[in-house]
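I have placed the structure first, in the form of structure tokens, so that the comments after it can refer back to it.
Residue numbers (the working numbering): 22 to 97.
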């Protein structure tokens, strides 16, 4: 059963059901080709997304939140 929109905290799309994509239509890989500079996903995560279940997607969102704290793309 999906959560009513008003129960999802702002800035926490990973709590919604279905889990929304983190894509922001800025599809550009970093210099090392590890992460998309728009959504911070890896290529394998991007490829798997459309067929993945919500548990997988929430795991990717957790990784994105971790990466947001560790990765700085300002130099690219």
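Think of the CB as a built atom: it goes at the ideal place given N, C-alpha and C, for glycine as much as any other residue.
Extent of the continuous alpha helix (DSSP H) to which residue i belongs
| i | result |
| --- | --- |
| residue 51 | Element bounds for residue 51: n/a, residue is neither H nor E. |
| residue 80 | 75-91 |
| residue 43 | First-last for residue 43: undefined, no H or E at that position. |
Identity of the residues DSSP links to residue i by a beta bridge
| i | result |
| --- | --- |
| residue 57 | 50 |
Helix, strand or coil at residue i according to DSSP, with G and I counted as helix
| i | result |
| --- | --- |
| residue 22 | Here residue 22 scores only 49 on pLDDT, less than 50, and its place in the model should not be relied on; the value that follows carries that caveat. Here residue 22 sits in coil by DSSP. |
| residue 37 | coil |
| residue 65 | helix |
Residue i versus the options, residue with shortest Cα-Cα distance
| i | options | result |
| --- | --- | --- |
| residue 39 | 80, 74, 89 | 74 |
| residue 93 | 33, 59, 30 | 59 |
| residue 37 | 78, 47, 55, 64 | 78 |
Contact belief for residue i with residue j at Cβ below 8 angstroms, rounded distance in angstroms
| i | j | result |
| --- | --- | --- |
| residue 62 | residue 43 | 7 angstroms |
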